[in-house]
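For reference, the structure is listed below as structure tokens.
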Amino acid sequence: MGAQLRVYKRRIRSVTATKKITKAMEMIAASRVVKAQRKVAASTPYATELTRAVTAVGTGSNTKHPLTTQAETVTRSAVLLLTSDRGLAGAFNSNAIKAAEQLTERLEREGKEVDVYIVGRRGVAHYNFRERKIAESWSGFTDEPTYADAKKVAAPLIEAIETETAEGGVDELHIVYTEFVSMMTQQALDARLLPLSLEEVAQEAAPKGEILPLYDFEPSAEDVLDALLPRYVESRIYNALLQSAASKHAATRRAMKSATDNAGELIETLSRLANAARQAEITQEISEIVGGSAALADATAGSDR
Amino acid sequence: MAAELHVALVAADREVWSGQATLVVARTTSGDIGVMPGHQPLLGVLESGPVTIRTSEGGTVIAAVHGGFISFADDKLSLLAEIAELSDEIDVQRAERALERAKGDDDASAERRAEVRLRAATAR
Chain F
1 MGAQLRVYKR RIRSVTATKK ITKAMEMIAA SRVVKAQRKV AASTPYATEL TRAVTAVGTG
61 SNTKHPLTTQ AETVTRSAVL LLTSDRGLAG AFNSNAIKAA EQLTERLERE GKEVDVYIVG
121 RRGVAHYNFR ERKIAESWSG FTDEPTYADA KKVAAPLIEA IETETAEGGV DELHIVYTEF
181 VSMMTQQALD ARLLPLSLEE VAQEAAPKGE ILPLYDFEPS AEDVLDALLP RYVESRIYNA
241 LLQSAASKHA ATRRAMKSAT DNAGELIETL SRLANAARQA EITQEISEIV GGSAALADAT
301 AGSDR
Chain D
1 MAAELHVALV AADREVWSGQ ATLVVARTTS GDIGVMPGHQ PLLGVLESGP VTIRTSEGGT
61 VIAAVHGGFI SFADDKLSLL AEIAELSDEI DVQRAERALE RAKGDDDASA ERRAEVRLRA
121 ATAR
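Protein chains in written order, with the UniProt record's numbering: chain F, 1 to 305; chain D, 1 to 124.
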């Protein structure tokens, strides 16, 4: 076999192996998207009920709570950025990071200090590489987040917002995550989680102008709100984590699908080249034989004369 | 037919139980509370504890609930909990082991959780 042909054959083999791997990753990601979507759906009843309850307390009483009151001057904000632990997901992480950076820039233009909290190794690596400060980070659960993980993330954030700004607390909490719109569309977006604007929550809970009943609070409206709001924040973070996980798997699936397609194309091109090389080799061999025998025939004809 | 409650017991990551009931007894921070159809709209904070639901068919559903709320309006009752387990889902031996461990570690909240689980499991 000619040298060139051997090189082509070797490349085809290696691309075929790569294609098998990306194909497998694509299928794994596809099954995980479905699982993650199911988890989002399973967490919806809790979130809906909780939103209803928060609205009921918020509108049914004029209780003031640090989690719902807007500070007069906001000096420090916290930004929670949700990324994934692993790459191979196209632009998934860079989109989320870009959204977080735009938000940070906007907040800093408004004269606020920004504390960054990050979930996922990718985001942490990005910030560490640029030697930026991270207030706190978590990783290891981004593929399949559980409610306990959301609690873990929410705890220091709620604590920071309850602390006075002068003592290192924050006045606002923003969250940047990737919304799972559909299998093909995922969108990085930012949302203000705290302070909670009860009007917005109310609109979410009862869009048709449904009137909420006058509740009896047990033990008291303040205590109920005290207990409800952290749960609400946790449930929102949990939902964001789940959506982010579903988006990540969808992005991985798409990235791996195009990798598989590209590998297929590459194999085709390489096979064509290999065939041409083999044909050229054969042609050359034939012409060598023909040329050789012609020379031989000429030589014998000459000696006969 | 007597009035009925529509009950939904929802944990953070799944719906645990839902159906019709005639009476729900739960423990709020200020004491046990029983809710029957026609109760005044109510929103309360639950203690870790067992919740008893008497279903319309005459059966009883018992669940261990941690860190939750009870909300009731228009004969619809929702029990929200971070963690909720039906009594027949609870593994008694595991709960006992968890209780032992919690006692050993002096972890009061874990001990309480395990105790509630055990109580709910043995009440069935």
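We put the beta carbon where it would ideally sit given N, CA and C, even for glycine. As the structure is a computational prediction, the values presented were derived from the model and not from experiment.
Between the CA atoms of Pro195/F and Ile62/D - distance to the nearest angstrom: 37 Å
With DSSP run on the structure shown, which of helix, strand or coil describes Ala110/D? helix
How would you call Lys64/F, buried or exposed, if buried means at least 16 neighbouring beta carbons within 10 angstroms? exposed
Could you name the residues of chain D that Pro195/F contacts, counting a contact when the two beta carbons are closer than 7 Å? Near Pro195/F there are no residues of chain D at all, since even the closest Cβ is about 21 Å away, more than 7 Å.
If you draw a straight line from the C-alpha of Glu179/F to the C-alpha of Gln4/F, how long is it? 49 Å
Comparing C-alpha positions only, which one of Gly168/F, Thr73/F, Leu189/F sits nearest to Phe92/F? Leu189/F
In the DSSP assignment, what residue or residues form a beta bridge with Ile53/D? Val24/D, Val61/D
Can you find a CB in chain F that lies within less than 8 Å of the CB of Ser78/D? yes
Could you pull the start and end residues of the beta strand (DSSP E) that Ile83/D belongs to? 76–86
Amino acids of chain D, ordered along the chain, whose beta-carbon sits closer than 7 Å to that of Val57/F: Leu43
Any idea which residues DSSP pairs Glu172/F with across the strands? Ser77/F
So the alpha helix (DSSP H) Ser30/D belongs to, where does it begin and stop? Note, Ser30/D: premise wrong, no alpha helix (DSSP H); not H, not E.
Would you please verify whether the beta carbon of Leu103/F is less than 8 Å from any beta carbon of chain D? no
With distances taken Cα to Cα, identify the nearest neighbour of Pro213/F among Gln40/D, Leu9/D, Gly19/D. Gln40/D
Secondary structure, alpha helix (DSSP H): runs of 4+ residues fully inside the region 3–84 of chain F: 3–60
Partners in chain F for Ser71/D, counting only beta-carbon separations shorter than 8 Å: Glu49, Arg52, Ala53, Ala56, Tyr215
Straight-line CA distance for Met1/D to Leu99/D? Note that Met1/D has pLDDT 47, beneath the 50 cutoff, so the model's placement of it is unreliable and the number below is only indicative. The alpha-carbon atoms of Met1/D and Leu99/D are separated by roughly 44 Å.
Where Glu218/F sits in the DSSP three-state scheme: strand
Kindly list, in the order they appear in chain D, the residues whose Cβ is closer than 8 Å to that of Pro219/F. Thr28, Thr29, Ser30, Gly44, Val45
Just by C-beta distance, which residues in the region 16–40 of chain F are closer than 8 Å to chain D? Lys39
Could you tell me the alpha carbon to alpha carbon distance between Glu4/D and Ala251/F, rounded to whole angstroms? 47 Å
When DSSP labels each residue in this structure, what does Asp190/F get in the three-state scheme? strand
Per DSSP, what kind of secondary structure is Thr178/F in: helix, strand or coil? strand
Taking DSSP's pairing of strands, which residues face Leu46/D in a bridge? Thr28/D, Gly68/D
Between Leu228/F and chain D, is the shortest Cβ-Cβ distance under 8 Å, so that the two count as touching? yes
Could you check where the alpha helix (DSSP H) with Asp115/F kicks off and where it finishes? Careful: Asp115/F lies outside any alpha helix (DSSP H), inside the beta strand (DSSP E) at 113–119.
Can you name the start and end residues of the beta strand (DSSP E) that Ser94/F belongs to? From DSSP, Ser94/F is part of no beta strand (DSSP E) but of the alpha helix (DSSP H) over 92–109.
Work out the CA separation of Lys103/D and Glu111/D for me, nearest whole Å. 6 Å
If we cut at 8 Å on Cβ distances, does Ser14/F have a partner in chain D? no
Taking Cβ to Cβ, would you say Val57/F is nearer than 8 Å to Val224/F? yes
Measure the alpha-carbon distance for Ile158/F versus Leu77/D and round it to whole angstroms. 28 Å
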